[in-house]
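Since the structure comes first, as structure tokens, the remarks are kept for the end.
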Amino acid sequence: VKHEVLAECMNIVISQCGLVSLGIGSVRYEIFQAVTLMERGLCDALSASELSLAKCVPLLRCLSLVMGYGIYTKPAQDNVSVLKMDPNGSIGKLLELYENPSWMQAQRSDPMEKFHTNVLMWLATTGSALNDGE
31 VKHEVLAECM NIVISQCGLV SLGIGSVRYE IFQAVTLMER GLCDALSASE
81 LSLAKCVPLL RCLSLVMGYG IYTKPAQDNV SVLKMDPNGS IGKLLELYEN
131 PSWMQAQRSD PMEKFHTNVL MWLATTGSAL NDGE
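The working numbering applies: residue 31 is where the sequence shown begins, and numbers increase by one.
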């Protein structure tokens with residue numbers, strides 16, 4: 031819950047307070063670095079030889095909250111574009127996972143609903159930033 035509160039605070043800073051300063055050491059830079067680190071962690075977790083969906087859930091959830099999903103705060107639609115964040119890396123890894131027939135078969139028989147719910151949250155917040163045709 032602590033990480034979710036921090037993520038929601040970042041959403042407030044991005045969407046309601048604004049990011050006026052630029053450059054190393056600015057609030058925008060620090061938030062961008064944190065989000066980039068989380069997304070890299072998600073990509074690494076999705077690429078691991080031993081996939082752990084449980085490790086992916088908090089990363090997906092926090093990324094979604096920072097980008098404006100808004101469970102405890104007002105939802106925001108423009109956080110991805112304000113930060114100029116490129117979510118294609120994690121979206122590509124998720125697409126690879128969902129296109130894997132053996133993984134999909136296993137999920138049909140024993141789905142991890144929490145993972146799928148958080149994937150939908152991530153897609154809802156990043157969909158507008160995805161390039162056409164992806």
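Glycine included, every Cβ here is placed at the ideal spot set by N, Cα and C.
Quiz item: Are at least three pairs of beta-carbons, each pair with one atom in the region 98-112 and one in the region 36-44, less than 8 Å apart?
Solution: yes
Practice problem: Taking only the alpha-carbon atoms, compute the straight-line gap between Ser-51 and Lys-144 and give it to the nearest angstrom. | Solution: 37 Å
Quiz item: What residues in its chain sit with their C-beta under 6 Å from that of Met-151, if we drop five residues either side in the sequence?
Solution: Ser-94 and Tyr-99
Quiz item: Just how far apart, CA to CA, sit Leu-83 and Leu-90?
Solution: 10 Å
Quiz item: At which residues does the alpha helix (DSSP H) containing Ala-84 begin and terminate?
Solution: 83-96
Quiz item: Which class does Ser-74 belong to by DSSP, given the choice of helix, strand or coil?
Solution: Contrary to the premise, residue 74 reads as Asp rather than Ser in this sequence. Residue state, collapsed to three classes: helix.
Quiz item: If you draw a straight line from the alpha carbon of Leu-81 to that of Val-87, how long is it in whole angstroms?
Solution: 12 Å
Quiz item: When the distance is taken between beta carbons, is Ile-61 closer than 9 Å to Val-96?
Solution: yes
Practice problem: Counting only the same chain and skipping the five closest in sequence on each side, list residues whose C-beta sits under 6 Å from that of Leu-113. | Solution: Phe-62
Quiz prompt | Same chain only: Cβ atoms within 6 Å of Thr-156, ignoring 5 sequence neighbours per side | solution = Val-110 and Pro-117
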